[in-house]
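Residues 200 to 348 in the numbering used here are what the sequence shown spells out, letter by letter.
Below: one structure, written as structure tokens.
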Amino acid sequence: MAYKQPVSVLVLIHTPALEVLLLERADKPGYWQSVTGSREGEESLRETAIREVQEETGLDAEHYNLADWQLSNEYEIFTHWRHRYAPGVTHNIEHVFGLELPTVMPVTLAPNEHINYEWVDWRLAATRVFSWTNVLALRALGERYGLTL
């Protein structure tokens, strides 16, 4: 079994009007999040972000403004997802990227990963996501525009 690396990206997809794309997890209905995913092989974090956006939304991040926000968070991996990692791995380091699209766009979900998507105001998104790291990324988005939660 190939284990996931405990290094991942979170890509906050948004418009200039701060509408944010949220995805509902297929394995945990009711759990909303931004695009996330683990690095594969020796790919760069940017390459991971581009790949994950493509896999989870069908969007080509290279056609838009993809920015490494130089933010990262270490978190404890939920017990029910630890089997995906090598034995003894309990923490992950997540690197935050922003992807600005010119407007709200339809996306094509990976059905094995997500069952629904919504575009919502960034403040509402912060109340919907299940991950504290996602909340911090949303707060950072607002701060980039001089706004606070």
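Note that beta-carbon positions come from the ideal geometry of N, C-alpha and C, so glycine has one too.
Remember, it's a predicted structure, so these values are computed and weren't measured experimentally.
Do E275 and T289 come within 7 Å of each other at the CB atom, strictly closer than that value?
yes
So, using beta-carbon positions, are S207 and G229 closer together than 7 Å?
no
For the alpha helix (DSSP H) that contains W321, what are its first and last residues?
W321 to R327
N- and C-terminal bounds of the alpha helix (DSSP H) containing W280:
W280 -> no alpha helix (DSSP H), and no H or E assigned at all.
Distance check for Y344 and D267, CA to CA, integer angstroms please.
16 Å
Reducing DSSP to helix, strand and coil, say where L348 ends up.
coil
Where L244 falls: helix, strand or coil (DSSP):
helix
Pull up the distance between the alpha-carbon of G240 and that of V252, whole angstroms please.
17 Å
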